[in-house]
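Sequential numbering of the sequence shown, starting at 5, is according to our numbering.
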Amino acid sequence: MFAALRKIFTALTRVNPNLEQEADIIIEALGGIANIKEIGACATRLRPELYDMSRLNEKALKDNGAIGIVHVDSHHMQIIYGLKANSYAQCIEQKLN
């Protein structure tokens with residue numbers, strides 16, 4: 005049982021070596037860094053606020069691992085990535101600043 009728990013913990017806490025590349029793909033799919041007004045996340049969802057939703061490339065997001073996309077209003081959306089969402093938000097936030 006301990007081995008199984010250790011395996012789960014390792015999988016959940018593993019550092020993604022491709023995080024920067026994946027974040028760059030997400031940024032481009034969101035219309036570029038200049039199109040992102042704000043970025044946040046909850047446990048499983050990336051929550052960007054965009055200036056122009058018409059620049060959004062949903063196919064690129066799904067090709068990069070998005071499980072689903074929810075449009076909240078004309079500037080806000082939620083992209084379901086699972087446990088990677090918070091890591092993506094932190095990486096994108098650093099690039100915004």
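Note that CB positions come from ideal geometry on N, CA and C, so glycine has one too.
- DSSP, reduced to helix, strand and coil, places Gly-72 within a strand of the structure shown.
- If the five residues before and after Glu-53 are omitted, its C-beta is found closer than 7 Å to the C-beta atoms of Lys-41, Glu-42, His-79, His-80, all from its own chain and listed in chain order.
- Note that the stretch 60 to 75 does not touch the stretch 91 to 100; fewer than 3 beta-carbon pairs, one per stretch, sit closer than 8 Å.
- The beta carbon of Cys-95 lies closer than 6 Å to those of Leu-23, Ala-27 in the same chain, with the five residues before and after it left out.
- Taking a 10 Å sphere around the C-beta of Arg-49, we find 16 or more other C-beta atoms and assign the residue as buried.
- Scanning the stretch 50 to 97 from its first residue to its last, the whole beta strand (DSSP E) runs of 3-plus residues come out as 72 to 75, 81 to 84.
- For Ala-45, the enclosing beta strand (DSSP E) covers residues 40 to 45.
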